[in-house]
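As structure tokens, the structure follows; a few thoughts come after it.
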Amino acid sequence: MRHSTDILVIGSGIAGLFYALKAADLGTVTIITKRSAFDSATAWAQGGISAVLDPCDSFDQHAEDTMRAGAGLCREETVRLCVTQGPSRIRELIELGVAFTREPSEDGYASRLDLGREGGHTKRRVVHARDMTGAEVQRALVEKVRAHPRIRLMEDKVAIDLITAGRLGLPGENRCLGAYVIDRTSQEVSTWTAKVVVLATGGAGKVYLYTSNPDVSTGDGLAMAFRAGAGVANMEFFQFHPTCLFHPKAKSFLISEALRGEGGILELNDGTTFMERYHEMECLAPRDVVARAIDSEMKRTGDDYVVLRMTHLSPSFVRGRFPGIHEKCLQYGVDMTIEPIPVVPAAHYACGGVLTDLRGCTNLPGLLAIGETACTGFNGANRLASNSLLEGLVFAHEAASATAGLLESLHDVPQRQVPDWNPGEASEPDEQVVVTQNWDEIRRLMWNYVGIVRTTKRLKRAQRRLQLLRDEIREYYWDFQVTPNVVELRNICTVAQLIVECALGRKESRGLHYTLDHPERNDSEWCKDTVLCRKDLP
Ligand code: SIN
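So, in structure tokens, the structure goes:
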């Protein structure tokens with residue numbers, strides 16, 4: 001089957017949906033998403049969206065907090081762009097129907113937005129919908145997208161690879177021409193051509209054994225862009241969220257940083273506090289510091305977890321402010337109003353990604369990347385809490401304005417020169433066990449060898465094993481008919497290799513990258529991005 005659209009958006013989180021609503025005035029927009037429109041990391045976001053809305057706050061302070069967390073690698077222009085657009089983008093979300101939590105008012109009139117606080121922020125500036133911000137944003141955006149006459153939203157469609165002029169051997173400048181896409185139900189592969197392709201596929205937490213991310217976070221956009229020749233940067237900076245629920249059945253359920261923002265205290269199992277030994281902001285230190293502190297305390301004490309205490313706060317406040325987390329903890333037998341919550345760190349956010357300019361454009365004409373998929377310079381070496389939904393909104397806005405120019409300047413897709421998917425001699429997959437075995441192996445080795453604290457020896461071990469796995473997956477990919485599971489496996493392997501290569505390349509510790517072999521930050525040599533392109537991967 002062949003399809004054509006002016007703009008193809010891959011992914012249905014905040015960035016993809018917000019972009020589609022803005023770009024729909026420019027041409028026909030098709031969004032493809034791997035599962036349902038609601039399966040995105042956005043829908044799981046608890047904390048909120050940071051924006052300067054309090055008269056006591058300022059853009060300068062938000063920028064300063066962002067750059068302090070980013071440990072010298074933020075691009076100042078990007079930071080200024082994002083923080084100054086915060087209030088306008090929040091206003092647009094409210095106009096689209098997002099119901100953010102407001103301060104309680106006695107007179108019954110609409111009151112000001114309630115602003116939460118999270119780690120690394122010196123002010124209260126996190127706009128939220130209680131502790132289910134992402135779900136509320138997703139609900140409103142999906143509703144608007146579904147009702148829009150010029151947007152087609154297609155679920156259960158998995159992008160396999162980007163189609164580029166270079167790969168097809170077409171003369172002239174290389175550019176993106178669309179994507180091959182497999183239908184999850186029929187397993188049929190179709191050819192989608194588009195003048196502009198926007199990668200908004202979110203992050204890649206599934207590359208690690210323990211993650212706060214949903215199952216769809218397999219780094220698809222990142223891996224496809226890399227294979228297509230786009231530059232990828234700063235993959236060594238993978239953020240571990242300090243507090244996910246520790247429970248054998250909880251699959252790393254996130255315990256929002258907003259709990260610490262409202263006074264939650266991290267303690268060891270014996271009730272002693274420890275964060276004062278690591279940072280002057282104590283429990284509200286930037287995430288990299290808190291995650292490393294917990295990791296180090298767990299290693300020192302031999303405990304499987306630390307705890308987050310909320311019991312000193314009023315139970316009615318805790319239940320009202322954090323209804324989702326309270327409910328979820330109860331399901332696992334923990335009543336956070338009367339007992340501490342057992343927590344551990346888990347992989348949470350890719351600060352690196354597909355390298356873009358200030359408008360979301362990659363080095364491949366016609367290919368844009370936005371949201372967690374992209375590396376825009378906003379996060380540097382460590383993302384400040386609740387800055388990610390803001391970045392998604394701002395870059396969706398910027399990318400939509402860049403799209404107007406691209407639709408005018410790029411020639412039409414040369415349809416006859418874009419062939420349909422060729423399955424070649426591939427036969428039916430015979431051994432699913434190859435997929436599950438490799439999937440588990442990658443995630444476990446990434447957790448054990450490429451986690452919060454690294455060493456060159458462990459990274460090299462991971463590098464060797466990943467090369468073997470990559471060869472085995474490649475063989476399987478070419479010998480058998482492609483399936484969504486194989487597509488995801490191939491992608492997490494590529495992303496894992498990129499993380500390891502970037503981590504081996506950086507001979508210092510900075511932000512989220514901490515290695516015992518080079519424990520100091522080295523500004524004279526390493527105050528720069530780690531950039532990789534296809535030829536750099538062995
Ligand atoms: C959280 O609620 O702690 C997550 C927010 C974020 O990752 O920015």
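For the sequence shown, the working numbering begins at 1 and goes up steadily by one.
Cβ atoms here follow ideal geometry from the backbone N, Cα and C, with glycine treated the same way.
Check each residue's C-beta against every heavy atom of the ligand SIN and list, in chain order, those closer than 5 Å.
46, 47, 256, 257, 385, 386
State the beta-bridge partners of residue 183 as determined by DSSP.
157
Check your understanding: Per DSSP, which one or two residues make a beta bridge with residue 342?
Key -> 307
Given this structure, state the Cα-to-Cα distance separating residue 204 from residue 219, to the nearest angstrom. 4 Å
Enumerate in chain order the residues of its own chain whose CB-to-CB distance from residue 322 is below 6 Å, with the five nearest sequence positions on each side excluded.
131
Exercise for review: Look up residue 38 in the DSSP assignment and say whether it is helix, strand or coil.
Suggested key: coil
Using the C-alpha atoms, what's the distance from residue 208 back to residue 461? 16 Å
- Message: Can you give me the C-alpha to C-alpha distance between residue 127 and residue 454, rounded to a whole angstrom?
- Response: 35 Å
- Item | Beta-carbon separation (whole angstroms), residue 470 vs residue 493, contact threshold 8 Å | 5 Å
**Request:** Please indicate yes or no: does the CB of residue 276 lie closer than 7 Å to some heavy atom of the ligand FMN?
**Result:** This structure lacks the ligand FMN; the ligands present are the ligand SIN.
Rounded C-alpha distance that separates residue 45 from residue 170:
42 Å
Could you work out which residue in 334, 382, 391 is closest to residue 356 when comparing CA atoms only? 391
- Message: Can you find the residues in the same chain that come closer than 6 Å, C-beta to C-beta, to residue 135, ignoring five residues on each side of it along the sequence?
- Response: 43
- prompt: Residue ranges of each beta strand (DSSP E) run of no fewer than 3 residues wholly in the stretch 350-393, ordered along the chain?
  reply: 353-355, 367-369
Q: Just tell me which of 60, 143, 73 has its CA closest to the CA of residue 122.
A: 60
Quick check on DSSP: helix, strand or coil for residue 151?
strand
Closer than 6 Å by C-beta to residue 446: which residues in its own chain qualify, once you throw out the five before and the five after it? Chain order, please. 207, 208, 496
Over what stretch of residues does the alpha helix (DSSP H) that includes residue 274 continue unbroken? First-last for residue 274: undefined, no H or E at that position.
Outcome for residue 103 when other beta-carbon atoms lying within 10 angstroms are tallied against a minimum of 16: exposed
> Just checking my contact of residue 198 with residue 370 at CB under 8 Å: how many whole Å lie between their CB atoms?
Replying inline: 6 Å
| message | What does the Cβ neighbour count give for residue 100, buried or exposed, with the cut at 16 atoms within 10 Å? | response | buried
Beta-carbon proximity of residue 260 to residue 283, cut-off 8 Å:
yes
Please report the Cβ distance between residue 306 and residue 339, rounded to the nearest whole angstrom; I am assuming they are in contact, meaning their Cβ atoms lie under 8 Å. Contact flag wrong, Cβ pair sits at about 14 Å.
- request: For the beta strand (DSSP E) holding residue 3, just list the boundary residues, first then last.
  value: 2-10
With DSSP as the reference, identify every bridge partner of residue 192, one or two as the case may be.
3, 179
**Item:** Residues near residue 423 by beta carbon distance below 8 Å, same chain, minus five either side
**Value:** 189, 481, 482
Worksheet item: Alpha carbon to alpha carbon, how far is residue 140 from residue 236?
Response: 34 Å
Cα-Cα separation, residue 181 to residue 524: 45 Å
Is residue 474 helix, strand or coil by DSSP? helix
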